[in-house]
Amino acid sequence: MFFASDNAAPAAPEVMAALAAANAGPAPAYGADVWTKRVAQQLAELFEHEVAVSLVTTGTAANSLALSLLCPPYRAVLAHEEAHAIADEGGAPEFFTGGAKLVGMPGEGAKLAPDALRAGLAWGERRFPHSVLVGAVTVTQATELGTVYRPAEISALAELCRSSGVALHMDGARFANAIATLGCTPAEATWRAGVDALSFGFTKNGALAAEAVVFFDASRGHELEARRKRSGHLWSKGRFIAAQIEPLLVDGLWLRLAGQANSAAARLAAGFERRGFRLSGAVEANEVFVVLPQRIEAALRAAGAVFYSWDPPADGEDGLFRFVCAWSTRTDEVEALLGVIDASA
Ligand SMILES: Cc1ncc(COP(=O)(O)O)c(C=O)c1O
């Protein structure tokens with residue numbers, strides 16, 4: 163009953179098998195290997211577009227590297243206030259950009275709303291030169307609260323960015339979960355909607371540690387490579403990052419695994435609701451946010467369930483808790499958790 167994070171999931175067997183297969187004999191170093199070339203080609207086909215790709219091993223590096231190309235040091239990056247880039251990356255985006263200011267914005271369900279973005283973009287100009295001009299906007303797909311932007315919502319934000327000459331980045335640590343829900347093409351959810359760069363996460367999706375920074379303007383490739391090296395994220399044995407991604411992109415395994423995680427979350431959410439517990443927002447990907455009384459929390463923890471206190475309860479009150487499902491979450495784990503609730507009723 164492990165629902166703390168999709169980062170706690172094991173790597174998919176297909177990924178481990180591909181790593182073992184890649185571990186045969188020497189291969190050119192620093193990304194000159196055939197695995198890296200094949201993954202770049204797979205991503206170009208998946209997105210139906212020429213792309214510049216750099217592979218890294220953490221989402222923080224992917225986001226920070228992408229933002230360092232999109233936003234100069236003297237400008238600001240706007241993000242939702244719950245965004246990983248603001249709340250959970252230890253200042254890495256500021257470090258990689260050489261000092262760009264990260265500014266948090268409000269929005270329902272951890273989504274940036276066009277009105278808030280309009281105000282944020284105007285803020286940069288309002289007290290110029292005393293305020294900071296905006297250089298980039300980053301959105302998270304799926305969001306930190308498990309909601310999913312529709313392509314039309316991304317287009318609306320992208321239009322505002324474009325009219326202000328500001329770049330749009332997407333933190334896709336859970337991009338697979340979002341696409342599994344949307345059922346649209348990766349192209350429709352990104353460059354066709356106006357996204358300039360994507361951090362495409364594979365770690366939560368079944369890889370060991372693999373993320374792709376994808377630029378839809380392929381001419382940025384040279385700078386991307388230079389910055390990856392400068393940041394210390396160019397692996398010499400780069401084949402072992404690419405070899406994790408390749409099997410996920412074959413025959414849509416990435417979408418099947420994300421679909422499994424989403425289905426487990428939907429099952430869990432329905433189970434909570436059937437038992438009368440309130441979800442704090444829509445469950446559109448693989449995360450469930452639910453309000454539970456302390457008595458239920460205590461029963462679950464006593465039974466060994468692992469989950470995150472999002473908004474811990476004050477004494478005697480209900481709290482908000484996060485349950486995350488992964489590709490490996492089994493139906494019987496979900497049912498066991500719900501069974502503990504039934505037993506404690
Ligand atoms: C929304 C989001 N972005 C990025 C990341 C990547 O973080 P890390 O640097 O830990 O791989 C995470 C991981 O939890 C995340 O939830």
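For the sequence shown, the numbering used here begins at 163 and goes up steadily by one. Ideal placement from N, C-alpha and C gives every residue a C-beta, glycine not left out.
* Do ALA404 and THR198 have their CB atoms nearer than 8 Å? -> yes
* Meets three-Cβ-pair contact criterion under 8 Å: the region 451–460 and the region 369–377 -> no
* To do: Use the C-beta contact count for ARG354: other C-beta atoms within 10 angstroms, 16 or more gives buried, fewer gives exposed.
  => buried
* Any non-hydrogen atom of ligand 1 within 7 Å of ASN448 CB -> no
* Can you give me the Cβ contacts of ALA121 inside the same chain, cut-off strictly under 7 Å, excluding the 5 residues immediately before and after it? => Nothing about residue 121 can be read from this structure; the chain reaches only from 163 to 507.
* **Presumed contact (8 Å Cβ cut-off) between MET178 and ALA467, rounded CB distance** => So it is not a contact: roughly 27 Å between Cβ atoms.
* **Run of the beta strand (DSSP E) containing MET178, from where it starts to where it stops** => Not the beta strand (DSSP E): MET178 falls in the alpha helix (DSSP H), residues 175–184.
* DSSP state of SER230 mapped onto helix, strand, coil -> helix
* Outcome for PRO235 when other beta-carbon atoms lying within 10 angstroms are tallied against a minimum of 16 -> exposed
* Starting from GLY266, follow the alpha helix (DSSP H) in both directions and report where the run begins and ends. => Per DSSP, GLY266 belongs to no alpha helix (DSSP H); it is in the beta strand (DSSP E), 263–267.
* Is HIS395 near ligand 2, judged by its Cβ being under 7 Å from some heavy atom? -> What this structure holds is ligand 1, not ligand 2.
* Can we count ALA335 as close to ligand 1, meaning its CB is less than 7 Å from some heavy atom? -> yes
* Quick one: what does DSSP say VAL412 is sitting in, helix, strand or coil? -> helix
* Is DSSP giving SER398 helix, strand or coil here? -> coil
* To do: Report whether the distance from the Cβ of GLY221 to the nearest heavy atom of ligand 1 is below 7 Å.
  => yes
* Collapsed DSSP secondary structure at VAL357 in the structure displayed -> coil
* Alpha-carbon to alpha-carbon, GLU244 and LEU264 -> 12 Å
* To the nearest angstrom, report how far apart ALA166 and ALA426 are at their CA atoms. => 14 Å
* Asked: Near ALA173, what residues of its chain come up, given a Cβ to Cβ distance below 7 Å and the 5 sequence neighbours on each side ignored?
  -> GLY368, ALA369, LEU370
* Taking GLY501 as the reference, give the member of ALA241, MET267, GLU350, ARG436 with the closest Cα. => ARG436
* Asked: Hey, quick one: how far does the beta strand (DSSP E) through GLY501 stretch, first residue to last?
  -> Not the beta strand (DSSP E): GLY501 falls in the alpha helix (DSSP H), residues 493–505.
* To do: Quick one: give me the first and last residue of the beta strand (DSSP E) that TRP285 is part of.
  => No beta strand (DSSP E) contains TRP285, which is instead part of the alpha helix (DSSP H) from 276–288.
* From LEU417 to ILE407, what distance separates their C-alpha atoms? -> 13 Å
* Quick one: residues in its chain with C-beta nearer than 6 Å to the C-beta of GLN422, no 5 flanking neighbours on either side, listed in chain order? => TRP489
* Asked: In or out: ASP250 buried (at least 16 other Cβ within 10 Å) or exposed?
  -> exposed
* For PRO348, count neighbouring Cβ atoms within 10 angstroms of its own Cβ and tell me buried if that reaches 16, exposed if not. => buried
* To do: Would you mind listing the alpha helix (DSSP H) stretches within the region 320–367 that are 4+ residues and don't spill past its ends, in chain order?
  => 337–344, 348–351
* Give the straight-line distance between the Cα atoms of PRO188 and CYS346, rounded to the nearest whole angstrom. => 39 Å
* Start and end of the alpha helix (DSSP H) containing LEU462? -> 456–464
* Grab the span of the beta strand (DSSP E) containing ALA214 for me, first residue to last. => 214–218
* Asked: Out of HIS292, GLU350, ASN448, ALA476, which has the shortest C-alpha to C-alpha gap to LEU454?
  -> ALA476
* To the nearest whole angstrom, what separates the beta carbons of ALA214 and ALA335, a pair I think is in contact under 8 Å? -> Rounded, the Cβ-Cβ distance is 20 Å, inconsistent with contact.
* Is the beta carbon of THR259 within less than 7 Å of some heavy atom of ligand 1? -> no
* Under 8 Å Cβ to Cβ from THR343, same chain only, skipping five residues before and after it: list those, please. => ALA304, VAL310, ASN424, GLU446, ALA447
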